[in-house]
Structure formats: structure tokens, C-alpha cells
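Below is one structure, written out as C-alpha cells; the observations come after it.
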Amino acid sequence: MALRVYNTLTGQKEVFEPVRAGKVGIYLCGPTVYKPPHMGHMVGPVIFDAIKRYLIFKGFEVTWVVNITDVEDKLIAAAIEEKTTVAELAQRYTKDYFEALAGLGIDTIDHFPKASEHIPEIISMCQSLIAKGFAYASGGNVWFDVTKDPSYGKLSHRRPEDQESGLRELEGAGKRNPADFGLWKSAKADEPHWDSPWGKGRPGWHIECSAMSMKFLGETFDIHGGGMDLLFPHHENELAQSECCTGKPFARFWLHNGLTKIKTKLASGEVKNEKMSKSLGNVIDAKSLLAQHGPELFRYMLLITHYRRPIDFSDEVLLAAKKGLSFFHRLFQRIERLAGLVFAGIAPADMNAISEEMLQGKTETFARSALQFRTKFLEMMDDDFNTAGAIGVLHELANEINSFLEQTSAERDKPADVIKAAVAATQMLRILGQILGLFRQTIAAAAGNDDALTGKLMTLLITLREEARKSKNFALADSIRNRLSDMGVTLEDRAGGTEWRTQ
Ligand SMILES: [Zn+2]
Numbered sequence: 000m001a002l003r004v005y006n007t008l009t010g011q012k013e014v015f016e017p018v019r020a021g022k023v024g025i026y027l028c029g030p031t032v033y034k035p036p037h038m039g040h041m042v043g044p045v046i047f048d049a050i051k052r053y054l055i056f057k058g059f060e061v062t063w064v065v066n067i068t069d070v071e072d073k074l075i076a077a078a079i080e081e082k083t084t085v086a087e088l089a090q091r092y093t094k095d096y097f098e099a100l101a102g103l104g105i106d107t108i109d110h111f112p113k114a115s116e117h118i119p120e121i122i123s124m125c126q127s128l129i130a131k132g133f134a135y136a137s138g139g140n141v142w143f144d145v146t147k148d149p150s151y152g153k154l155s156h157r158r159p160e161d162q163e164s165g166l167r168e169l170e171g172a173g174k175r176n177p178a179d180f181g182l183w184k185s186a187k188a189d190e191p192h193w194d195s196p197w198g199k200g201r202p203g204w205h206i207e208c209s210a211m212s213m214k215f216l217g218e219t220f221d222i223h224g225g226g227m228d229l230l231f232p233h234h235e236n237e238l239a240q241s242e243c244c245t246g247k248p249f250a251r252f253w254l255h256n257g258l259t260k261i262k263t264k265l266a267s268g269e270v271k272n273e274k275m276s277k278s279l280g281n282v283i284d285a286k287s288l289l290a291q292h293g294p295e296l297f298r299y300m301l302l303i304t305h306y307r308r309p310i311d312f313s314d315e316v317l318l319a320a321k322k323g324l325s326f327f328h329r330l331f332q333r334i335e336r337l338a339g340l341v342f343a344g345i346a347p348a349d350m351n352a353i354s355e356e357m358l359q360g361k362t363e364t365f366a367r368s369a370l371q372f373r374t375k376f377l378e379m380m381d382d383d384f385n386t387a388g389a390i391g392v393l394h395e396l397a398n399e400i401n402s403f404l405e406q407t408s409a410e411r412d413k414p415a416d417v418i419k420a421a422v423a424a425t426q427m428l429r430i431l432g433q434i435l436g437l438f439r440q441t442i443a444a445a446a447g448n449d450d451a452l453t454g455k456l457m458t459l460l461i462t463l464r465e466e467a468r469k470s471k472n473f474a475l476a477d478s479i480r481n482r483l484s485d486m487g488v489t490l491e492d493r494a495g496g497t498e499w500r501t502q
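What follows is the structure in C-alpha cells.
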């Protein structure tokens, strides 16, 4: 089945075909590094990490670029406030951003270009736009003339009149039209600046992304991503200036992810649901969220919503994600106990762990149905990277494995072929999850303080109770069970082994 992707530019799902056969270039707008990263900054990286993994799985060679905006009005204001230099501030928060990405196990980004290191490319783009009549210099600034671009507005479907002239711009002195936007801004003596044909100045925000994306991915590339809030004016302006500069199409597919909204209860009892943003002051610091819950839960929580929908962050959402994720972990523990194995050595080839032999005899129905779930998972991902649907399919597969273990035989000791088939299906499930960046040893090992330890302690208690039973020390076995029950933990002895759940 062909991969279809929703393209904001055309407003519909289209069959994905790369510009260059077998290769995919992705550009994702990165952070302006003037404050510590919050949860909202991690949404794009988590989603595009899953997208890149899936594209690699489909056989593409993928280059993914995320820029760092280290020259911008907000940085200058923040540096003054913190009594430091823009360079020091940018360095500090870039480091924080990298730490948050590493903490989440996002190791798939190939380049992190910085705006401050691409000034020559930006200046030459400004010059070319002036030469072609799309831009003009005035009082040390360079402006893009929106009236010269007949297709301006084709991405966001907004008209030039909607452009807020003050937005992320200097005061509009010398502008010909209110909607014209700045490519280059004259700088005050105490602001970061570079020499240019128009005097000392610094780049506008939009042109940074055009210059860096084209440098790393070519004038026409495959996927441009970013939050829905960047669609206008940022992406519209990027698109206009890039295509006017090169005369070629810029990004083929524009993917916009939903924003993180946060539910807060006011003192009056009223519940507010608003966008998480630095300026609203309702941000959840990425570092503390990671430390508390671990990278896997964080990822899982973001991926159980389709990327184009808003993510409503609340305690309930977090709890639901926790339950969903622990369902998988209980299955893995169950299989590990049953088969006496550890999943550490799992390899991508285990995707095909269901063998011909399993497709015969009494494991046949189960093995065939497990393979159908794999097809369904891939269909979900082919349908505009529907990670939410794909995780739903993994849940169905996990249910299928659990009921297979329970149905096949009532006795505790399972026939070897049953265990083998269950292990193979679980290996396949894990590899499918790894396409989304889940169920990886590195991030599981870094699970939140609470979860990782709890899982290990429960496995230990269940094993001790089984040992007590085997040596006929039923008083001790019952005591373990009863005392756990007092703490709100229920043990369930099932055909496939003992399960635990919190009440
Ligand atoms: Zn950008």
C-alpha cells in the first residue's frame, strides 16, 4: 500500500513520492533558544522521529534537519533581562534543548544548523530577491514585497491584508505595504549584528529557515514540518521568499502538527484549556516531565493522538497513557517469565519471527491473525502516519496474544509450540512499536523513576511468591499476595502466569 500524507499546501492526502528516488529530506522548524524547553517543543521532534523511523522502515534514506534560532528579537530581550549576552543565553538553552532530546531518546536528527552560522547564505538570498524585484532595501532594512508575489497566501489561504505588520518585525518604517515582511533588519550598536550591503544588521526569522533548509536539503525538498501556529505568517513567508528566489517549488509536502493544550483548573473551579506557550506562562518544563515519567510514557502520550490534532495535556490524559503503556509492559513481563527470556537482544529481523512452522497446526489461527495485525499497523502508518491508529492495532495484537495464552491450555505448563508462537508475535509487536520509537531498551531503561523500579520490584515479588509456592510455603505466598492487596495491588493467577494490576 502506498504511503499517503496530508499536505497543508493542497488541503488533501496525497500519495507520497520523494523528489529524488529513494531519498527523503525533512526540515522541521526548531526552537528559538531564549528559555528552557517545554513540553510543546518536544511534540514536533517526537512525531518526526516516528515519521523518520517509518520512512527508514519503508526503505528511504532520510535526512532530517532541525534549525536553532539563535538570533531573534526575543533572545535580545531575554538577554537584557538576564543581564547576559545573546550568545551565552543561546548556548545555554541550546544545550538544554539537546539534553531534552537526548533524554527522550531522539537520536535521529542529522543536522542542527544555527542561524548565526548562516549569515552569508542569508545575505546572498536577500541580494538575489532584491535583484529579481521581489524585495527592496530601505533605511538599513530589507523588505519582501508581498504584492510582487501573485501566489502569496497559497499555503495558509490568507491574504496579504491579514498580515499583522508588527508581528515579529521591527517598526515598519520604510515599508511599501503594511504586509511586507523583513528579510534583514538594521541593528542597534548593542545588538548582535553582522556587516551587510545595507549596513550593520541581522536576519529576519523567516529567511533563516529558507536559507538553512535549502542549504542542507536542496532548493526543492520533500517535507517541511512545524506546529500549526507557524503556518502563518512564518511558513507562508518562508515559502514565498524561497520560491521567488529560486523560481522552483520549495517543500513538496507541508505537515503541521497540533499544538499542546493544557487543562488548568482556576481557583473559581472553572477549567481552562489553552495553548501551552512561554508567553502564557503555563508551560510544563520538558526536563521535569521526563524525570518524573520517563521518555517512553512521554512519547506514548504524544503518539496516541494523531499528529494533526491538538494534544490536551492533563492528569487524566497522563493516567490513561500510563495504563495503556503498562498493558504492553505487563505482556512483555508475562512473556519473559513464560519463556525465560529477556527481550534485550531483539533485532529488526524479529519482525518476521512468525515462521512457516507456526502457520501450521494448532498455532495456525493465532499466527495468521497476528500477521494480519502487522498489515493493519502498516496500513495505519501509511494513512498519514496515523500513530494513534497504529498503537490501537498494537493493543489489539497484545489482547490477541494474551487470549491465545489463556485459551490454548488450562495447565500452567504451556506446550513449547504455543510459547514459541506467543514469543514470536510479541517480538513482532515490539519491533512494530520500535518504528514509533517505543519499546526500545535505551528508553525503557530510562523509564520514569516510579515506573521502572515498580516493574522490577513486582517481577521480583511475583517470582518470590512462585518460589514460596513451589517449596510449599503457602503461608508466605499468601502473605505476599495479601499484603500487596492491602497496598492496592492485585495479583491474578492466570493460565499464562501471574499478572498484577493496581486497583
Ligand atoms: Zn522555521
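Residue numbers (numbering that gives the first Met the number 0): 0 to 502. Where is the CB? At the ideal position from N, CA and C, for every residue including glycine.
If we call anything under 7 Å between Cβ atoms a contact, is residue i one with residue j?
i      : j      : result
Gly257 : Arg298 : no
Ala49  : Leu435 : yes
Glu235 : Leu154 : yes
Gly224 : Leu27  : yes
His110 : Phe220 : no
Phe249 : Leu238 : yes
Asn140 : Ser185 : yes
Tyr53  : Met380 : yes
Glu350 : Ala320 : Reading the sequence as shown, one finds Met at residue 350 and not Glu. No, the pair does not count as a contact, with Cβ atoms beyond the cut-off.
Ala420 : Ala346 : no
Phe133 : Cys243 : yes
Trp197 : Lys174 : no
Ala99  : Leu88  : no
Ile222 : Ile25  : yes
Glu315 : Met0   : no
Asp383 : Lys12  : yes
Pro159 : Ala178 : yes
Gly226 : Arg336 : no
Val18  : Arg3   : no
Going by C-alpha to C-alpha distance, which of the options sits closest to residue i?
i      : options                           : result
Val417 : Ile353, Ala178 and Lys82          : Ile353
Gly200 : Glu491, Val488, Ile121 and His255 : Ile121
Val85  : Leu216, Tyr96, Glu60 and Asp72    : Asp72
Ile400 : His292, Val18 and Ala369          : Ala369
Ala348 : Phe56, Val32 and Ser484           : Phe56
Ala136 : Met211, Gly226, Phe180 and Glu87  : Phe180
Ala467 : Val32, Arg480 and Lys455          : Arg480
Glu498 : Tyr33, Arg429 and Arg333          : Arg333
Trp193 : Ala134, Met211, Ser115 and Cys125 : Ser115
Ser506 : Ala474, Asn472, Glu273 and Lys94  : The shown model of the chain, from 0 to 502, leaves out residue 506, and the question about it has no answer.
Thr374 : Met427, Ala130 and Val64          : Met427
Gly391 : Gly360, Leu229, Leu431 and Lys413 : Leu431
Ile461 : Met124, Lys113 and Glu491         : Glu491
Ala415 : Thr458, Glu465 and Thr362         : Thr362
Trp130 : Pro309, Gln240 and Arg3           : This sequence places Ala at residue 130; Trp is not what is there. The shortest C-alpha separation from Ala130 is found at Gln240.
Leu340 : Ile310, Thr425 and Leu302         : Thr425
Glu207 : Val14, Pro177, His233 and Met457  : His233
Gly29  : Arg19, Asp228, Arg251 and Thr458  : Asp228
His255 : Ile46, Thr62, His292 and Lys262   : Ile46
Lys94  : Gly226, Asp69, Arg3 and Ile261    : Asp69
For my contact list, residue i and residue j are in at a C-beta cut-off of 8 Å; report their separation, rounded to the angstrom.
i      : j      : result
Thr245 : Glu218 : 4 Å
His525 : Asn398 : Look at the range of the chain in this structure, 0 to 502, and you will see that residue 525 is not part of it.
Ala423 : Met357 : 6 Å
Phe403 : Ala389 : That belief does not hold up - the Cβ atoms of Phe403 and Ala389 are roughly 21 Å apart, past 8 Å.
Asn66  : Met211 : 5 Å
Trp204 : Thr7   : The pair is not a contact, with the Cβ atoms about 19 Å apart (cut-off 8 Å).
Leu394 : Phe326 : It is His, not Leu, that sits at residue 394 in the sequence shown. The Cβ separation is near 7 Å, so the contact holds.
Arg493 : Glu405 : 6 Å
Gln21  : Glu60  : Note that residue 21 is Gly in the sequence shown here, rather than Gln. Right, their Cβ atoms sit about 6 Å apart.
Ala476 : Arg464 : 5 Å
Let me check you understand the geometry: is the CB of residue i closer than 6 Å to at least one non-hydrogen atom of ligand 3?
i      : result
Ala186 : Annotation note on ligand 3: not contained in the displayed structure, which lists ligand 1 as its ligands.
Legend entry - Around ligand 1, Cβ to any heavy atom closer than 5 Å, ordered along the chain: So the residues near ligand 1 by this Cβ test are Cys28 and Cys208.
Legend entry - Any 3 or more C-beta pairs closer than 8 Å across the segment 100 to 109 and the segment 132 to 151: Put simply, the segment 100 to 109 does not touch the segment 132 to 151. Fewer than three CB pairs are less than 8 Å apart.
Legend entry - the segment 31 to 49 contacting the segment 281 to 288, beta-carbon criterion three pairs below 8 Å: In short, these stretches touch, since the Cβ pair count reaches three.
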